[in-house]
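In this note's numbering, the protein residues as written are 1 to 438.
Structure representation (structure tokens):
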């Protein structure tokens, strides 16, 4: 009897051993031991198509000899750009429309678009895709009766002129007839040459510059930091959360790292992956645009009136291929918010190397209205800031109104580019805003 019991126990032990071996080899490990190698992309919103990646830096409409700027974010801005973008996409074979004669003297300029960064053209793009590859930096539309021309500034080549298909003149006439300009939209185009200032100073212009002249005051705007879903944000950066450590800083900031990449949440977010593997394949300009848009969509999503401000390629001698650096700026009431705001990313074909995001949203409550000094007075104050040793007039490269954060408010400023430098002046006092150094 004892022998039978021993044999039965031995048989059960063998069965248990076989079962455990089978579980060890083929069974399912505990959930906490499963690496997240079946990773699916996590993102805040769907990536945008190429047509939604770039908008003009400026849109200017001419009516009865007056020039008006359509501000970013205004309904008319989106309407104009959607129509012009559709036209450039419809002209699949631009060679059929090239115009080799001079524009008639009676033709009137009616619409001007400026692009920074430039709009890609050609086979890798959706605009003028049947033509040669190029970089569109500016576009002027002219009309005379039922004829309409587009003057394109492509790269360093001489401008190309297209005689547009019939029907576009009627569309432009409709735009102009139904556009009701506001005084605040009035602009002046300063011609190339010398511009005298009130106190005897002067500036030099190598090319025409648009300046706003109809804005008499702007309101201070309250700001609140962007709020992002922290857990979703971590999932967009880290595939295996089990390897991520959380470190709390004394100032309240949080650092997350898995040993190779790091994310800091505090005043905005800062991400870095310094040892990101570089790949041999490079990115074309259109592909770099789409990649930048995907990265925005994955890591925080798009906020209202966020515009791509610059996209630059950085060649690296120690690596094959190249990096791109993209900078995004948000707009308040049509004016850019400057300072340590916006989004900056550095990436290449292999992925995202660094990402800085610090965005704000305006509060519903408005602050007090601040007077806007006339642009010549602002230019005079900017010239005095340069403290130049020689008496030659500095080169004026651009001038616009903008906002700059002071504490929890955004204050209106003049933004002036002189001799390759960016100068900021409060619109009323014409002094530098707090926290900014020239």
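Even glycine gets a Cβ: it sits at the ideal position worked out from N, Cα and C.
- CB-CB under 8 Å to residue 122, same chain, minus the five flanking residues each way: which ones, in chain order? Once the five neighbours on either side are set aside, the close Cβ partners of residue 122 are 128, 129, 131, 132, 133, 134.
- Query: Are residue 228 and residue 300 touching if we call contact CB-CB under 7 Å?
  - Reply: yes
- Message: Once DSSP output is grouped into helix, strand and coil, what is the label at residue 82?
- Response: helix
- Task: Would you kindly check if the distance between the Cβ of residue 358 and the Cβ of residue 340 is under 7 Å?
- Result: Cβ distance < 7 Å, so residue 340 and residue 358 count as in contact.
- Item | Closest residue to residue 140 among 165, 158, 114 (Cα-Cα distance) | 114
- Task: Taking only runs that begin and end inside the region 238-293, name each unbroken beta strand (DSSP E) of 3 or more residues, in chain order.
- Result: DSSP runs (the beta strand (DSSP E)) wholly in the region 238-293: 245-248, 254-257, 262-266, 268-272.
- Task: Could you pull the start and end residues of the alpha helix (DSSP H) that residue 171 belongs to?
- Result: It spans 168-178 - the alpha helix (DSSP H) in which residue 171 sits, taken as one unbroken run.
- Message: Rounded to whole angstroms, what is the Cα-Cα separation between residue 74 and residue 185?
- Response: 11 Å
- Going straight from the alpha carbon of residue 262 to that of residue 327, what length do you get? 20 Å
- State the start and end residues of the unbroken alpha helix (DSSP H) segment that holds residue 384. First-last of the alpha helix (DSSP H) with residue 384: 375-386.
- Query: Touch check for the region 96-116 and the region 190-205: three-plus C-beta pairs under 8 Å?
  - Reply: Taking 8 Å as the limit for Cβ pairs, the verdict is that the region 190-205 does not touch the region 96-116.
- Query: Are residue 297 and residue 45 closer than 7 Å when you measure CB to CB?
  - Reply: yes
- Touching by the beta-carbon criterion (3+ pairs, under 8 Å), the region 95-106 and the region 62-74: no
- Message: Could you give the first and the last residue of the continuous beta strand (DSSP E) run that contains residue 367?
- Response: 360-371
- Just the Cα atoms here: how many angstroms apart are residue 249 and residue 265? 10 Å
- Message: Could you give the first and the last residue of the continuous beta strand (DSSP E) run that contains residue 501?
- Response: This structure leaves residue 501 out entirely; the chain is present only between 1 and 438.
- Since residue 97 and residue 163 are thought to touch, with beta carbons under 8 Å apart, how far apart are those beta carbons, to the nearest angstrom? Contact between residue 97 and residue 163 is confirmed by a C-beta separation of about 6 Å, below the 8 Å threshold.
- Going straight from the alpha carbon of residue 188 to that of residue 231, what length do you get? 49 Å
- Message: Let me check understanding here. Comparing Cα to Cα, which of 167, 310, 329 lies closest to residue 146?
- Response: When only C-alpha atoms are compared, the closest one is 167.
- Within 10 angstroms of its Cβ, does residue 393 collect 16 or more other Cβ (buried), or is it exposed? buried
- Item | 8 Å Cβ shell around residue 382 - same chain, five flanking residues per side excluded | 414, 416, 418, 423, 425
- Message: Pop quiz: residue 276 and residue 350 are said to be a contact at Cβ under 8 Å. What is the actual Cβ separation, rounded to whole angstroms?
- Response: 6 Å
- Using the DSSP secondary-structure output, state which residues sit across from residue 312 in a beta bridge. Bridge partners of residue 312: 325.
- Selected residue, minimal CA-CA separation from residue 219, among 376, 366, 50, 68: 366
- Enumerated in chain order, which unbroken segments of the alpha helix (DSSP H) with a length of 4 residues or greater are wholly contained in the region 71-136? 75-90
- Message: Give me the DSSP bridge partner(s) of residue 410.
- Response: For residue 410, which the question treats as bridged, DSSP gives the partners 221, 405.
- Message: Here's the rule: buried if 16 or more other CB atoms are within 10 angstroms of the residue's CB, otherwise exposed. What is residue 353?
- Response: buried
- Message: Pull the bridge partners of residue 54 from the DSSP assignment, please.
- Response: Beta-bridge pairing links residue 54 to no other residue.
- Message: Per DSSP, what are the beta-bridge partners of residue 491 in this structure?
- Response: Past the edges of the chain, shown from 1 to 438, lies residue 491, and the structure says nothing about it.
- Rounded distance between the beta-carbons of residue 159 and residue 308, thought under 8 Å: Going by Cβ atoms, the distance from residue 308 to residue 159 rounds to 24 Å, so no, they are not a contact pair.
- If you count every other CB in all the chains shown that lies within 10 Å of the CB of residue 35, and 16 or more means buried, which is it? Model confidence at residue 35 stands at a pLDDT of 40, short of 50, so the residue's coordinates are unreliable; what they give is reported in the following sentence. Answer is exposed; the Cβ neighbour count stays below 16.
- Can you tell me the Cα-Cα spacing of residue 295 and residue 314, whole angstroms? 18 Å
- Message: Run through the DSSP bridge pairs and tell me what residue 60 is partnered with.
- Response: 69, 112
- Message: Pop quiz: residue 401 and residue 198 are said to be a contact at Cβ under 8 Å. What is the actual Cβ separation, rounded to whole angstroms?
- Response: In fact, because the Cβ distance is near 20 Å, the residues do not count as touching under 8 Å.
- Closest by CA to residue 176, which one among 60, 125, 251, 274? Cα-wise, what sits closest to residue 176 is 60.
- Message: In this structure, how does DSSP classify residue 160 when only helix, strand and coil are distinguished?
- Response: strand
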